[in-house]
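J.:
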Amino acid sequence: MTLSNSGTIDLGGKSVHRLGYGAMRITGPGVWGPPASPDEAIRVLRRSAELGVTFIDTADSYGPDVSEDLIREALHDGSGYGDIVIATKGGFTRHGPNQWRAVGRPEYLRQTILMSMRRLGVEQIDLWQLHRIDPLVPRDEQFGVLKAFLDEGLAKQVGLSEVNVEEVKAAQAAGVPVASVQNRYNLGDRRAEELLDYCTDQGIAFIPWAPVDAGTLARPGGPLEQISQAHPGTTTGQLALAWLLRRSPVVVPIPGTSSVTHLEENLAAADVKLTDDEYEALAKAA
1 MTLSNSGTID LGGKSVHRLG YGAMRITGPG VWGPPASPDE AIRVLRRSAE
51 LGVTFIDTAD SYGPDVSEDL IREALHDGSG YGDIVIATKG GFTRHGPNQW
101 RAVGRPEYLR QTILMSMRRL GVEQIDLWQL HRIDPLVPRD EQFGVLKAFL
151 DEGLAKQVGL SEVNVEEVKA AQAAGVPVAS VQNRYNLGDR RAEELLDYCT
201 DQGIAFIPWA PVDAGTLARP GGPLEQISQA HPGTTTGQLA LAWLLRRSPV
251 VVPIPGTSSV THLEENLAAA DVKLTDDEYE ALAKAA
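Position 54 of the sequence shown, counted from 1, bears residue number 54 in full-length UniProt numbering, the numbering being contiguous throughout.
1) Please report the straight-line C-alpha distance between residue 298 and Phe55, rounded to a whole angstrom.
2) Under three-state DSSP, which class holds Ala269?
3) Contact defined as beta carbons within less than 8 angstroms: I believe Arg184 pairs with Leu120. What is the distance between those atoms, to the nearest angstrom?
4) Taking all protein chains shown into account, decide if Gln229 is buried (16 or more other Cβ within 10 angstroms of its Cβ) or exposed.
5) Taking Arg105 as the reference, which of Gln142, Gly13, Gln129 has the closest Cα?
6) Hey, out of Asp10, Ser180, Ala155, whose CA is closest to Met115's CA?
7) Touch check for the segment 19-28 and the segment 243-257: three-plus C-beta pairs under 8 angstroms?
8) Checking the sheet assignment: what are the DSSP bridge partners for Ile84?
9) With burial defined as no fewer than 16 other Cβ atoms inside 10 Å of the residue's Cβ, what is the status of Glu50: buried or exposed?
10) What first and last residue would you give for the beta strand (DSSP E) that runs through Gly159?
11) Please name the residue in Gly221, Ala210, Pro232 whose C-alpha comes closest to that of Leu241.
12) Just grab the DSSP bridge partners of Thr93 for me.
13) Quick test of the definition: if touching needs 3 or more C-beta pairs under 8 angstroms, does the segment 229-238 touch the segment 14-23?
14) Considering only C-alpha positions, which residue in the set Leu136, Asp10, Tyr279 is nearest to Val85?
15) Taking Ser180 as part of the beta strand (DSSP E), name the residues at either end of that continuous run.
16) Rounded to whole angstroms, what's the CA-CA distance from Ala173 to Asp140? Just pull it up for me.
17) Among all the DSSP beta bridges, which residues are the ones paired with Asp57?
18) Pick out whichever of Ile204, Gln226, Glu123, Thr216 has its Cα sitting closest to the Cα of Ala281.
19) Between Arg219, Val252, Thr58, which has its C-alpha nearest Leu196's C-alpha?
20) DSSP puts Asp189 in a beta bridge; with which residues?
21) Using the Cβ count rule (16 or more neighbours within 10 Å means buried), how would you classify Lys89?
22) Counting only the same chain and skipping the five closest in sequence on each side, list residues whose C-beta sits under 7 angstroms from that of Ala285.
23) What does a CB cutoff of less than 8 angstroms around Trp128 pick up in its chain, not counting 5 residues either side in sequence?
24) Specify, as a first and last residue, the run of the beta strand (DSSP E) that residue 290 falls within.
25) Can you grab the Cα-Cα spacing for the pair Gly82 / Leu187, in whole Å?
26) Look up Ala41 in the DSSP assignment and say whether it is helix, strand or coil.
27) Looking at the structure shown, is Val31 part of a helix, part of a strand, or coil, going by DSSP?
28) Figure out for me which residue from His95, Ser61, Ser79, Gly96 has the closest Cα to the Cα of Gln111.
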């Protein structure tokens, strides 16, 4: 595979390949605790780097702490991560498997970035994203924290997660240069369409989570399976990723997995080229 075929985008002060890796799945069930095989998680991370992944997304709440710890163990070379941009997030507390509680108090957010810096072994986070806007804390206070992280040099860039266009505009109006937005978006769930269009216009990286989940479009006999017949050896998941990469030059899919085999399958999507008719057919089917 040639990961450079996915295109590039500037993030964290570097040019990165647009097909990245999401490190949520290298944790235990419910994104809680360590993975069943830490050694396999290490292999997945190292193999991603070998294949050319230069953008890895994680969060302090994945485990919690587990994902960041494994990333450091697998990829830190003693001085940093070389060409790889490590993006992390803060703003969720964890109380058990599949339990997430937004906390946006300024003192807590500051603690999260400082602890992420320690776990990742860096003096500055490449890209730090607010995992959720806490509805119990004035959002301008939370935006002020993001701006402070930049002013103090704790983060090179900052972003937001699960927001709408109005909230991104509010952050920008508060003086936050939003570098990325991370929302659920895939071929089968396009509720963030308006937000993606805004990010495209603004040059903001759009990082879709759950990028391979195509829903009913991937059913037997469905649109993805029909198109896959014209691409021998190509999976419906690869086609879904290829569609995302073509959807906009700011889209940065981060398919996650805890398996080396599945990782290689996902990243091979960089080499899949949809025709104009195939792209339009999938867009209309969704």
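Cβ coordinates follow ideal geometry from the N, Cα and C atoms, glycine included.
T.: Concretely, from the data shown:
1) Absent from the model: residue 298. The displayed extent of the chain is 1 to 286, so no value can be given.
2) In the sequence shown, the residue the question calls residue 269 occupies position 269. If DSSP states are grouped into helix, strand and coil, Ala269 belongs with the helices.
3) Within the sequence shown, numbered from 1, the residue matching residue 184 stands at position 184. Within the sequence shown, numbered from 1, the residue matching residue 120 stands at position 120. The Cβ separation is near 25 angstroms, so there is no contact.
4) Here residue 229 refers to the residue found at position 229 when the sequence shown is read from its first residue. Exposed.
5) The count along the sequence shown starts at 1 and reaches residue 105 at position 105. The residue with the shortest Cα to Cα distance from Arg105 is Gln142.
6) Indexing the sequence shown from 1 puts residue 115 at position 115. Among Asp10, Ser180, Ala155, the Cα nearest to that of Met115 belongs to Ala155.
7) yes
8) Counted from its first residue, the sequence shown places residue 84 at position 84. Looking at the DSSP assignment, Ile84 forms no beta bridge with any residue, so it has no partner.
9) On the sequence shown, residue 50 is found 50 positions in, with the first residue counted as 1. Classification for Glu50: exposed.
10) As a working note, residue 159 is residue 159 in the sequence shown. Segment 155-161, the beta strand (DSSP E) holding Gly159.
11) In the sequence shown, counting from the first residue as 1, residue 241 sits at position 241. Of Gly221, Ala210, Pro232, the residue nearest in Cα terms is Ala210.
12) Position 93 of the sequence shown, counting from 1, holds the residue named residue 93. In the DSSP output, where bridge partners are listed per residue, Thr93 has Arg101.
13) no
14) Position 85 of the sequence shown, counting from 1, holds the residue named residue 85. Comparing Cα-Cα distances from Val85 to each of Leu136, Asp10, Tyr279, the minimum goes to Asp10.
15) By 1-based counting over the sequence shown, the position of residue 180 is 180. Element bounds for Ser180: 178-182.
16) As a position in the sequence shown, residue 173 is number 173, starting the count at 1. As a position in the sequence shown, residue 140 is number 140, starting the count at 1. So the two alpha carbons sit approximately 10 angstroms from each other.
17) As a position in the sequence shown, residue 57 is number 57, starting the count at 1. In the DSSP output, where bridge partners are listed per residue, Asp57 has Gly22, Ala87.
18) Stepping through the sequence shown from its first residue, residue 281 is reached at position 281. Residue Gln226 is the option with its Cα nearest to Ala281.
19) Within the sequence shown, the letter at position 196 stands for residue 196. Selected option, being the one with the closest Cα: Val252.
20) Start at 1 with the first residue of the sequence shown, and residue 189 comes out as number 189. According to DSSP, Asp189 bridges with Asn186.
21) Along the sequence shown, read from residue 1 onward, the residue named residue 89 stands at position 89. Looking at its Cβ environment, which holds 16 or more other Cβ atoms inside 10 Å, Lys89 is buried.
22) Position 285 of the sequence shown, counted from the first residue, corresponds to residue 285. For Ala285, where only same-chain residues beyond five positions count, the Cβ hits under 7 angstroms are Leu217, Pro223.
23) On the sequence shown, residue 128 is found 128 positions in, with the first residue counted as 1. Result list for Trp128: Ala87, Thr88, Lys89, Gly90, Ile113, Ser116, Leu146, Phe149, Leu154, Ala155, Gln157, Val158, Gly159, in chain order.
24) Absent from the structure is residue 290, since the part of the chain shown begins at 1 and ends at 286.
25) Within the sequence shown, residue 82 is the residue found at index 82, counting from 1. Within the sequence shown, residue 187 is the residue found at index 187, counting from 1. Near 33 angstroms, if we compare the C-alpha coordinates of Leu187 and Gly82.
26) In the sequence shown, the residue the question calls residue 41 occupies position 41. Looking at Ala41 - three-state DSSP - the assignment turns out to be helix.
27) Here the question's residue 31 lines up with position 31 in the sequence shown. In the structure shown, Val31 sits in coil (DSSP, three-state: anything other than H, G, I, E or B).
28) For the purposes of this step, residue 111 is taken as residue 111 along the sequence shown, with counting starting at 1. Nearest C-alpha to Gln111: Ser61.
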